[in-house]
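J.:
2 protein chains.
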Amino acid sequence: MDQSIIPDIIVGRIPLYLRELTRMAEEGKVITSSHELGRRLGISSAQIRKDLSQFGEFGKQGTGYNISFLVEQLRRVLKVNKVWNVVLVGVGDLGRAIAHYTGFLDRGFRITKVYDSDTQKIGQRVGDFTIRDVTLMVNEIRREKIRVAMLAVPASDAQSVTDLLVEAGIRAILCYAPVSINVPEKVKILYIDPVLHLQHMTYYLP
Amino acid sequence: MDQSIIPDIIVGRIPLYLRELTRMAEEGKVITSSHELGRRLGISSAQIRKDLSQFGEFGKQGTGYNISFLVEQLRRVLKVNKVWNVVLVGVGDLGRAIAHYTGFLDRGFRITKVYDSDTQKIGQRVGDFTIRDVTLMVNEIRREKIRVAMLAVPASDAQSVTDLLVEAGIRAILCYAPVSINVPEKVKILYIDPVLHLQHMTYYLP
């Protein structure tokens with residue numbers, strides 16, 4: 329399983345397969361097929377078989393996939409068979425929604441610290457967290473060896489906060505600010521910007 | 329410009345180019361190159377030239393791109409040289425953050441109606457909106473010929489609400505619920521699920 333040779337676009341589909349398989353398991357299903365999974369996801373069964381085959385042999389021709397086995401294997405592939413501690417930076421409306429979201433833990437992530445630079449917010453509660461002073465962030469991330477961050481700061485602050493996160497040892501950043509950020513090659517960054525998706529879709533509208 | 333022949337993965341990068349070019353224009357830049365744009369986005373200049381060439385001739389060899397012209401052309405390509413009215417369904421923490429977000433309008437989208445099914449919430453204010461009864465939704469979307477929706481309802485309600493949106497004439501749905509939804513072929517749907525992105529990145533972490 330040489331990571332370097334699996335195209336990133338395939339890697340990016342594995343979490344989607346894992347999510348749907350988990351849902352099937354919750355529905356009480358035991359066995360599935362690439363056809364069923366494909367139908368539920370709107371992806372061709374051939375694509376699914378090809379994608380999964382990059383990571384190993386997970387099913388036998390004709391008998392389909394054992395769902396709980398495949399879930400376990402994909403969690404291992406994605407390294408979410410453990411729980412990653414995550415810091416959240418920025419407690420505006422969006423950061424607040426992220427801090428309240430309960431869907432992280434059973435999928436491999438636990439927010440452990442929430443930071444903001446606004447002295448009005450520092451010390452206040454958001455969900456289960458006390459908002460911490462961002463000036464403490466670098467040392468605390470270093471001490472706790474945290475590798476994953478979610479960034480919900482204003483666009484104007486996104487690059488400078490990212491530089492601090494990288495300095496502290498963060499290696500994966502999910503950025504909600506609608507700007508492109510520069511990070512060293514060793515750091516992964518992905519973006520969530522709803523307008524990019526909306527514009528992608530309006531292209532196709534009459 | 330036959331839409332059917334341009335790969336969706338390329339279409340999906342155009343909003344990113346537009347966002348960065350708009351930012352350059354705001355910085356006062358007039359001319360850029362595929363090299364500069366690529367450096368800022370972490371995408372190769374060859375990829376950018378190839379992508380843009382799918383949609384027309386936007387620059388001359390050696391002189392680069394006129395930023396405001398290119399912005400105007402890409403807005404036209406993505407059909408955001410107009411403003412699309414958008415409905416938001418679901419006013420939990422996330423829906424609340426979306427309703428408060430001010431970054432839609434200058435990029436082609438205006439939330440005009442916000443719906444929820446919770447009688448405690450209906451009639452209350454969220455940002456500039458009064459939360460409306462979801463039972464009014466289908467008729468109001470039909471009457472106002474709205475084509476774009478954002479869906480921030482619980483996963484368990486996402487499919488049934490989507491079915492209503494499609495029935496009402498919605499043709500593009502941005503779904504924040506962490507589930508895969510079935511829509512007819514004529515309807516575009518994209519998803520925002522932060523955990524998919526986080527799991528995509530942890531694959532690469534040691």
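As they're listed, the protein sequences go chains A and B. For the first sequence, our numbering assigns the number 329 to the initial residue and increments by one for each residue that follows. For the second sequence, our numbering assigns the number 329 to the initial residue and increments by one for each residue that follows. Heads up, the beta-carbon is just placed ideally off N, CA and C, and yes, glycines get one too.
Closer than 9 Å between beta carbons: that is the criterion. Which residues of the region 515-530 of chain B meet it against chain A?
T.: Residues 516, 517, 518, 519, 520, 521, 522, 523, 524, 525, 526, 527, 528, 529 and 530.
J.: Should the region 370-390 of chain A be regarded as contacting the region 476-486 of chain B, the criterion being three or more beta carbon pairs within less than 8 Å?
T.: No, the region 370-390 of chain A is not in contact with the region 476-486 of chain B.
J.: Please identify the residue among B:424, B:384 and B:404 whose C-alpha is closest to the C-alpha of residue 528 (chain A).
T.: It is B:404.
J.: Tell me, please, which residues DSSP counts as bridged to residue 413 (chain B).
T.: DSSP lists B:438 as partners of residue 413 (chain B).
J.: Can you list, in chain order, the residues of its chain whose CB lies under 8 Å from that of residue 525 (chain B), leaving out five sequence neighbours each side?
T.: Correct list: empty, nothing qualifies.
J.: Compute the Euclidean distance between the alpha carbons of residue 313 (chain A) and residue 471 (chain B), then round it to the nearest angstrom.
T.: Only positions 329 to 534 of chain A appear in the structure, and residue 313 (chain A) is not among them; the question remains open.
J.: Comparing alpha-carbon positions, which option in A:358, A:345, A:396 and A:516 lies nearest residue 373 (chain A)?
T.: Checked all of A:358, A:345, A:396 and A:516; the closest Cα to residue 373 (chain A) is A:345.
J.: Suppose the cutoff is 7 Å on Cβ atoms and the five residues either side in sequence are ignored; what does the same chain contact list for residue 396 (chain A) look like?
T.: Answer for residue 396 (chain A): 353, listed in chain order.
J.: Counting only beta-carbon separations shorter than 8 Å, does residue 329 (chain B) have a partner in chain A?
T.: Note that residue 329 (chain B) scores 47 on pLDDT, short of 50, meaning its location in the model is unreliable and no value can be drawn from it.
J.: Verify whether the separation of the beta carbon atoms of residue 284 (chain B) and residue 530 (chain A) is less than 8 Å.
T.: Here chain B has residues from 329 to 534 only, and residue 284 (chain B) is not among them.
J.: For the alpha helix (DSSP H) containing residue 500 (chain A), name the first residue and the last one.
T.: Where residue 500 (chain A) is concerned, there is no enclosing alpha helix (DSSP H), although the beta strand (DSSP E) it sits in stretches over 500-503.
J.: Express the C-alpha separation of residue 464 (chain B) and residue 338 (chain A) in angstroms, rounding to a whole number.
T.: Going from the Cα of residue 338 (chain A) to the Cα of residue 464 (chain B) covers about 41 Å.
J.: On the CB-based measure, 16 or more other CB atoms within 10 Å of its CB, does residue 448 (chain B) come out buried or exposed?
T.: Classification of residue 448 (chain B): exposed, given that the 10 Å Cβ count is below 16.
J.: From the DSSP output, in three-state form, read off residue 339 (chain A) for me.
T.: Residue state, collapsed to three classes: helix.
J.: Find the residues of chain A that neighbour residue 428 (chain B), judging by a C-beta separation of less than 9 Å, and give them in chain order.
T.: 420, 421 and 422, listed in chain order.
J.: Residue 406 (chain B): buried (16+ other C-beta within 10 angstroms of its C-beta) or exposed?
T.: By the 10 Å Cβ count, residue 406 (chain B) comes out buried.
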